[in-house]
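Using the numbering used here, the first residue of the sequence shown is number 2, and each one after it goes up by one.
Before any comments, here is the structure.
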Amino acid sequence: MNFSSIISNHALPLVFDTSIVVNLQACTFGKQIVAAVPNPIIIAQIAADELKQGTIERAFLDDLLTSNLVQLSELADPEYREYESLITTLDDGESATIALSISRQFFPFIDERKGRTKATERQAMLDPGWSLDLLRHPNAVEALGSPSDADAVYLALKEGRMRIPEARVNDVISLIGTQRASGCVSLPNYKKLFPKKAT
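This is the structure:
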């Protein structure tokens, strides 16, 4: 089962929110996926700092940085002012991701609803990407092969509690299988999809 990834139509640099890094680490194939995606990838220093030293997520990010697969970026003064206007309603990582993306016209990647809504308000020409778009990028799917490409999605959902768009739930369930999907409580409308599991 395959479905298109919106990033395959864009050559813009990608800006990762903290949650994207968490999901990539959780899927166990994150480094291969990042290496397969051709776009430059950036994470704001503020977003990176949300991943505490000594955690597996921070170690994963540090490995990506050391391997030159991801670049750190400080916010310039105008970006920091944009950031400060956002942190009243969003967390630091999301705010920094949006501020950097707006200023540089890059492609933000955010899974959380509030952050996605705010990013769309501020950068109306481009909807934010999802972790799922990275996992299902055609290059990543080809690099991982089957069944690892499906395993990556399952593990990101199960271990990382990855958020996905409601419109893609059926595709994801078809990809990973109903039995495994029933253990992924972060799926949209989980209780309706699996009422016996939710009780």
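Beta carbons: idealized from backbone N, C-alpha and C, even for Gly.
Note on geometry: alpha-carbon atoms of residue 170 and residue 89 lie some 31 Å from one another. By the Cβ rule, the segment 132-143 counts as touching the segment 31-40, because three or more pairs are nearer than 8 Å. Looking at the backbone, the Cα of residue 16 and that of residue 48 are separated by about 10 Å. For residue 55, no pairing in a beta bridge is given by DSSP. Counting along the chain, residue 74 sits inside the beta strand (DSSP E) bounded by residues 72-74. Non-local beta-carbon contacts of residue 123 in its own chain, meaning distances under 7 Å to residues more than five positions away in sequence, involve 99 and 103 in chain order.
Beyond the five residues adjoining it in sequence on each side, residue 182 comes within less than 6 Å, by CB distance, of 174 in the same chain, given in chain order.
The residue among 185, 176 and 145 with its C-alpha nearest the C-alpha of residue 159 is 185.
Counting along the chain, no beta strand (DSSP E) covers residue 103; the unbroken alpha helix (DSSP H) around it starts and ends at 93-105. When DSSP states are grouped into helix, strand and coil, residue 44 belongs to the strand group. Taking 8 Å as the cut-off, the beta carbon of residue 101 is found closer than this to the beta carbon of residue 74. For the pair of segments examined, the segment 154-168 was found to touch the segment 185-194: the number of CB pairs separated by less than 8 Å reaches three.
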